[in-house]
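Presented below is the structure to which this report refers.
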Ligand code: HEM
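Chains as they are written, first to last, in the working numbering: chain A, 11 to 73; chain B, 129 to 519.
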């Protein structure tokens, strides 16, 4: 799984950090940053983060 | 507005004797999805009830949050503030104007920053419990706990000096007590709070501290005359919403004691009660189709958060209080770019408020029969007027 983030769209709700804290973080401006590429264990959590993000800032590319 | 749809329902439907969410919501959602309604001021607006449709409304850029657009719905007794009235009231702005304010504020509400506030929130909650326990073996949990806790937490966040917190708390209480205060008293309270906030901004400009106001002033992207509106918004958006969730959550936990001590009750309480049912108001600025229904430019839209959070296609047995479900896709905090800025603060506050209450007063119980609870029917938010308890 590959992740792309659109930091312009991010509204800092923090849903991704709550869902997959190993993969997502908020930088000092509160905007989403990627900590690491998701391992196989994290894929499900990343999907949840993508679905919960209120502003569509995260896209997960399967495969 | 001209519509071929002949069915127009009266709104709001919340009234004495009707449970909340009103059973009408299930009917609308399962039959039409979108329903045309007549608001208290006679205007018409679309009620949106399905989870999927509510999310679609709240993420569509052809739909506006700005109350100054013609057709914007007014559902309350209190007028909806507009930009002209309060500069900095950014929940009523659309992208890109909205984003400057939001971006300036999100560093203050990150998951990490809020975690750092935990000790201060715990202290506030402990102090309220000390006061309640010292006063005897009964209390009104709304007045003595649910209302003061979020007000004190916001005053800490804003950097209100401890000596002013009683003033701050009493004025915010007047603001939300629809029955215990008159329109005139509430107007005065708003004016006093605005005046106080302006003075506080002046003080922080001269003597900066380690607080939200000082940091926003230093960052400089919000002008001082906008800052008081922003701070007022934080105060109003975060007070009664949180208080109602604390009080209703306690009632629900007392009815379902197997969930006391389980932090998952927080998310389920937010979904189950959906106190901000009619907060995310919108107006279409272009023609748009939602859930198969054409909404014309200028039509008011009322997404019903409680209806979406009780949609069987999004939640199994939605009318059951079940903290073991994964409920995080609820829209209790809205959705889209305006999704609640304070949501991480709320989660921590509710968790601490429940945990400490049942730890310190394990034998707490309702002091009135269930049917005797006084529900707020007239406010924009769903909640309890009072919650008499004893131990
Ligand atoms: C349980 C408590 C709360 C609930 C249910 C709640 C609910 C909501 C909802 C539904 C919205 C979206 C409004 C819209 O779409 O037009 C919202 C926005 C907002 N909330 Fe909350 N809220 C709560 C607590 C708080 C707290 C504690 C704060 C801050 C201290 C806060 C600050 C805000 C702000 C600033 C916005 C506007 C965000 C924007 O426009 O980008 N809220 N809230």
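For every residue, glycine included, the Cβ atom is placed at its ideal position computed from N, Cα and C.
Since this is a predicted model, take the numbers as computed values, not measurements.
### Candidates 243/B, 219/B, 188/B, 178/B: closest to residue 196/B by CA position
As a first step, residue 196/B must be located in the second chain, where it is residue number 68. Each of 243/B, 219/B, 188/B, 178/B was checked against the Cα of residue 196/B, and the nearest Cα belongs to 219/B.
### Query
Cβ of residue 468/B versus every heavy atom of the ligand HEM: is any distance shorter than 6 Å?
Stepping through the second chain from its first residue, residue 468/B is reached at position 340. Yes, since a heavy atom of the ligand HEM falls inside the 6 Å radius drawn around the Cβ of residue 468/B.
#### Entry: Assumed close pair residue 183/B, residue 459/B - CB separation to whole angstroms, cut-off 8 Å
Locating residue 183/B in the second chain gives position 55, counting from the first residue. Locating residue 459/B in the second chain gives position 331, counting from the first residue. Indeed they touch by this definition, with Cβ atoms about 7 Å apart.
### Task
Tell whether a beta-carbon distance below 7 Å holds between residue 64/A and residue 464/B.
One-based indexing of the first chain puts residue 64/A at position 54. One-based indexing of the second chain puts residue 464/B at position 336. In contact: residue 64/A and residue 464/B (Cβ atoms closer than 7 Å).
### Task
Determine which residues of the segment 457-476 of chain B have a Cβ less than 7 Å from any Cβ of chain A, and write them out in chain order.
Legend: CB atoms of the segment 457-476 of chain B lying less than 7 Å from CB atoms of chain A belong to residues 457, 463, 464, 465, 467, 471, 472.
### Message
I need the boundaries of the beta strand (DSSP E) containing residue 513/B, first residue and last residue.
### Response
Taking the second chain and counting its residues from 1, one reaches residue 513/B at position 385. 511-514 is the extent of the beta strand (DSSP E) around residue 513/B.
#### Entry: Partner residues on chain A for residue 237/B, Cβ-Cβ distance less than 8 Å
In the second chain, residue 237/B corresponds to position 109, counting from 1. Residues of chain A with a Cβ closer than 8 Å to the Cβ of residue 237/B are, in chain order, 22, 24, 40.
### Query
Sorry if obvious, but does the Cβ on residue 380/B come closer than 6 Å to a heavy atom of the ligand HEM?
Residue 380/B sits at position 252 when you count from the first residue of the second chain. No - the ligand HEM has no heavy atom lying nearer than 6 Å to the Cβ of residue 380/B.
### Task
State yes or no: is the C-beta of residue 407/B nearer than 6 Å to some heavy atom of the ligand HEM?
Working through the second chain from its first residue, we reach residue 407/B at position 279. Result yes, Cβ under 6 Å from the ligand HEM.
### Task
Indicate the three-state DSSP secondary structure (helix, strand or coil) for residue 504/B in the structure shown.
For the purposes of this step, residue 504/B is taken as residue 376 along the second chain, with counting starting at 1. Strand at residue 504/B.
### Query
Counting pairs of beta carbons, one from the segment 440-452 of chain B and one from the segment 222-234 of chain B, are three or more of them closer than 8 Å?
Contact fails: fewer than three Cβ-Cβ distances are below 8 Å.
### Query
Would residue 270/B pass as a contact of residue 365/B if the rule is Cβ separation under 7 Å?
Residue 270/B sits at position 142 when you count from the first residue of the second chain. Residue 365/B sits at position 237 when you count from the first residue of the second chain. The answer is no: Cβ separation not under 7 Å.
### Task
At 4 residues or longer, and completely inside the segment 314-382 of chain B: list those alpha helix (DSSP H) runs for me, N to C.
Runs of the alpha helix (DSSP H) inside the segment 314-382 of chain B: 340-347.
### Message
On the DSSP bridge list, what partners appear for residue 428/B?
### Response
Numbered from 1 along the second chain, position 300 holds the residue referred to as residue 428/B. The secondary-structure analysis by DSSP pairs residue 428/B across a beta bridge with 173/B, 411/B.
### Task
Please state whether DSSP places residue 452/B in a helix, a strand or coil.
Residue numbering aside, residue 452/B sits at position 324 when the second chain is read from its first letter. Residue 452/B falls in the coil class under three-state DSSP.
### chain B contact residues for residue 61/A, given Cβ-Cβ distances below 7 Å
Locating residue 61/A in the first chain gives position 51, where the first residue counts as 1. Near residue 61/A (Cβ distances below 7 Å), the residues of chain B are 457.
### Query
Taking C-beta to C-beta, are residue 173/B and residue 165/B nearer than 7 Å?
Within the second chain, numbered from 1, the residue matching residue 173/B stands at position 45. Within the second chain, numbered from 1, the residue matching residue 165/B stands at position 37. Yes, Cβ-Cβ distance for residue 173/B and residue 165/B is below 7 Å.
### Query
Say the cut is 6 Å; is the CB of residue 460/B nearer than that to a heavy atom of the ligand HEM?
For the purposes of this step, residue 460/B is identified with residue 332 of the second chain, where counting begins at 1. Checking the Cβ of residue 460/B against the ligand HEM gives yes.
### Message
Can you find the residues in the same chain that come closer than 6 Å, C-beta to C-beta, to residue 473/B, ignoring five residues on each side of it along the sequence?
### Response
On the second chain, residue 473/B is found 345 positions in, with the first residue counted as 1. Answer for residue 473/B: 242, listed in chain order.
### Chain-ordered chain A contacts of residue 234/B [CB-CB under 9 Å]
Walking along the second chain from the start, residue 234/B turns up at place 106. Those are 20, 21, 22, 23, 24, 36, 39, 40, 41, listed as they occur along chain A.
### Query
residue 17/A versus chain B: which residues are under 9 Å apart at the beta carbon?
Reading the first chain from its first residue, position 7 is the one you call residue 17/A. Going along chain B, no residue has its Cβ under 9 Å from residue 17/A, so there is no contact; the nearest lies around 11 Å.
### Message
Can you determine whether any heavy atom of the ligand HEM sits closer than 6 Å to the C-beta of residue 202/B, and answer yes or no?
### Response
Position 74 of the second chain, counted from the start, is the residue given in the question as residue 202/B. No; taking the cut-off as 6 Å, the Cβ of residue 202/B has no heavy atom of the ligand HEM nearer than that.
### Task
Measure how close the beta-carbons of residue 406/B and residue 140/B come, nearest whole angstrom, since I'm counting them as under 8 Å.
Counted from its first residue, the second chain places residue 406/B at position 278. Counted from its first residue, the second chain places residue 140/B at position 12. Yes, they are in contact, since the Cβ atoms of residue 406/B and residue 140/B sit about 7 Å apart, within 8 Å.
### Query
Quick one: does residue 27/A have its CB under 7 Å from some CB of chain B?
What you label residue 27/A is simply residue 17 of the first chain in a count that begins at 1. So, interface residue.
### Check: residue 366/B C-beta below 6 Å from any heavy atom of the ligand HEM
Along the second chain, one-based indexing puts residue 366/B at 238. Yes, the Cβ of residue 366/B comes within 6 Å of a heavy atom of the ligand HEM.
### Task
Could you have a look at residue 164/B and say whether DSSP puts it in helix, strand or coil?
As a working mapping, residue 164/B is identified with position 36 in the second chain. It is a strand residue.
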